[in-house]
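One structure below.
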Ligand SMILES: C[S@@+](CC[C@H](N)C(=O)[O-])C[C@H]1O[C@@H](n2cnc3c(N)ncnc32)[C@H](O)[C@@H]1O
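In our numbering, the protein residues as written are -14 to 269.
As structure tokens, this is what we get:
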């Protein structure tokens, strides 16, 4: 490597000071813990953005985000880059077995004629929302007095836009049972594209909003019968988890269900919850 290349390379490196500034900011804004081991990951994710903006150093980029990002949209772009959005249809399928075989019947018996309101908090690109929509729609067909609505929220604008579009590559639908695929997925007219779209009947039962779980304001939401917040808390430290769970519970009806990811647990006694299934809780 010649000297000038070395200079360019060193200019682009994220220093420890850069990392401290940006990781503290991300923690304060998103609640995401960013231990020093995450430096390389963060550097990798933001590097491309520096090139797109023609910015030479992470310091410059961080100054730009922290001082002007709120006004020029860069904050939202940066959040999109740092969040992990892995998701799937029917992910952690035991929850959906329980939901379709037990939860829905119980809900209808206790609340005859009432609309079921579900919140998928940290919904990523919407697969969890449409999985629930397929199950609820199946139930609705056999129970005409039943109806439902599912709200999906996420910090990432990009994910919310993609979830609202409800268009997915063929390669993502392997876990959807065959009969549900036939009923609820539309194939693209141009078969070479290998894309599917969720049918309008299900899309009409859903809505999507950008929402930061760290935000003070949850009051814009009505109370829900069930909240799915799965594989989101793992990115938060213990204090933030506690804060977010308290806020989620403030929007859950008494007797409502909270579904967390399989590797996420909360102390039932601390939050006045009953633990009824792996990572499923009822609010007392
Ligand atoms: C790994 S995905 C989980 C998606 C889905 N719930 C599932 O289990 O398949 C985590 C999602 O949480 C979102 N997220 C992270 N921090 C957030 C915050 N502070 N507020 C709202 N959403 C957040 C991310 O953008 C990401 O889409």
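Yeah, the Cβ is synthetic: ideal placement off N, Cα and C, and Gly gets one too.
DSSP beta-bridge partners of residue i
{"i": "residue 6", "result": "Paired residue(s): none; residue 6 is not in a bridge."}
{"i": "residue 137", "result": "105 and 193"}
{"i": "residue 242", "result": "211 and 267"}
{"i": "residue 167", "result": "Partner(s): none; residue 167 has no beta bridge."}
{"i": "residue 182", "result": "152 and 171"}
{"i": "residue 259", "result": "267"}
Residue i versus residue j - alpha carbon distance
{"i": "residue 197", "j": "residue 139", "result": "7 Å"}
{"i": "residue 113", "j": "residue 107", "result": "10 Å"}
{"i": "residue 105", "j": "residue 145", "result": "12 Å"}
{"i": "residue 22", "j": "residue 8", "result": "11 Å"}
{"i": "residue 228", "j": "residue 202", "result": "13 Å"}
{"i": "residue 121", "j": "residue 180", "result": "24 Å"}
{"i": "residue 164", "j": "residue 183", "result": "14 Å"}
{"i": "residue 123", "j": "residue 74", "result": "16 Å"}
{"i": "residue 70", "j": "residue 34", "result": "18 Å"}
{"i": "residue 259", "j": "residue 83", "result": "16 Å"}
{"i": "residue 265", "j": "residue 86", "result": "15 Å"}
{"i": "residue 25", "j": "residue 13", "result": "20 Å"}
{"i": "residue 269", "j": "residue 206", "result": "20 Å"}
{"i": "residue 254", "j": "residue 155", "result": "43 Å"}
{"i": "residue 170", "j": "residue 19", "result": "38 Å"}
{"i": "residue 15", "j": "residue 157", "result": "28 Å"}
{"i": "residue 153", "j": "residue 111", "result": "10 Å"}
{"i": "residue 53", "j": "residue 6", "result": "15 Å"}
{"i": "residue 248", "j": "residue 76", "result": "13 Å"}
{"i": "residue 177", "j": "residue 166", "result": "18 Å"}
{"i": "residue -12", "j": "residue 39", "result": "Model confidence at residue -12 stands at a pLDDT of 39, short of 50, so the residue's coordinates are unreliable; what they give is reported in the following sentence. Cα-Cα distance, rounded: 21 Å."}
{"i": "residue 68", "j": "residue 125", "result": "35 Å"}
{"i": "residue 222", "j": "residue 66", "result": "20 Å"}
{"i": "residue 57", "j": "residue 51", "result": "11 Å"}
{"i": "residue 93", "j": "residue 175", "result": "41 Å"}
{"i": "residue 72", "j": "residue 44", "result": "32 Å"}
{"i": "residue 273", "j": "residue 55", "result": "Residue 273 lies beyond the residue range present for the chain, which begins at -14 and ends at 269; the question has no answer from this structure."}
{"i": "residue 204", "j": "residue 162", "result": "37 Å"}
Cβ distance (whole Å) where residue i is taken to contact residue j below 8 Å
{"i": "residue -3", "j": "residue 46", "result": "Rounded, the Cβ-Cβ distance is 10 Å, inconsistent with contact."}
{"i": "residue 117", "j": "residue 95", "result": "The Cβ separation is near 19 Å, so there is no contact."}
{"i": "residue 37", "j": "residue 49", "result": "That belief does not hold up - the Cβ atoms of residue 37 and residue 49 are roughly 12 Å apart, past 8 Å."}
{"i": "residue 256", "j": "residue 215", "result": "At roughly 17 Å, the Cβ-Cβ gap does not stay under 8 Å, so residue 256 and residue 215 are not in contact."}
{"i": "residue 61", "j": "residue 142", "result": "5 Å"}
Beta-carbon gap between residue i and residue j smaller than 9 Å
{"i": "residue 27", "j": "residue 64", "result": "no"}
{"i": "residue 242", "j": "residue 17", "result": "no"}
{"i": "residue 97", "j": "residue 132", "result": "no"}
{"i": "residue 212", "j": "residue 233", "result": "yes"}
{"i": "residue 80", "j": "residue 226", "result": "no"}
{"i": "residue 148", "j": "residue 173", "result": "no"}
{"i": "residue 210", "j": "residue 78", "result": "no"}
{"i": "residue 151", "j": "residue 187", "result": "yes"}
Reference residue i; option with closest CA among the options
{"i": "residue 192", "options": "136, 185 and 245", "result": "136"}
{"i": "residue 127", "options": "265, 163 and 90", "result": "90"}
{"i": "residue 101", "options": "237, -1 and 186", "result": "237"}
{"i": "residue 224", "options": "246, 207, 251 and 209", "result": "251"}
{"i": "residue 246", "options": "218, 150 and 209", "result": "218"}
{"i": "residue 30", "options": "88, -1 and 15", "result": "-1"}
{"i": "residue 99", "options": "41, 134 and 159", "result": "134"}
{"i": "residue 239", "options": "208, 141, 222 and 230", "result": "208"}
{"i": "residue 42", "options": "178, 67, 2 and 76", "result": "2"}
{"i": "residue 200", "options": "190, 175, 230 and 168", "result": "230"}
{"i": "residue 119", "options": "66, 51 and 168", "result": "168"}
{"i": "residue 190", "options": "55, 235 and 115", "result": "115"}
heavy atom of ligand 3 below 8 Å from residue i C-beta
{"i": "residue 213", "result": "Summarising the ligand content, the structure contains ligand 1 and does not contain ligand 3."}
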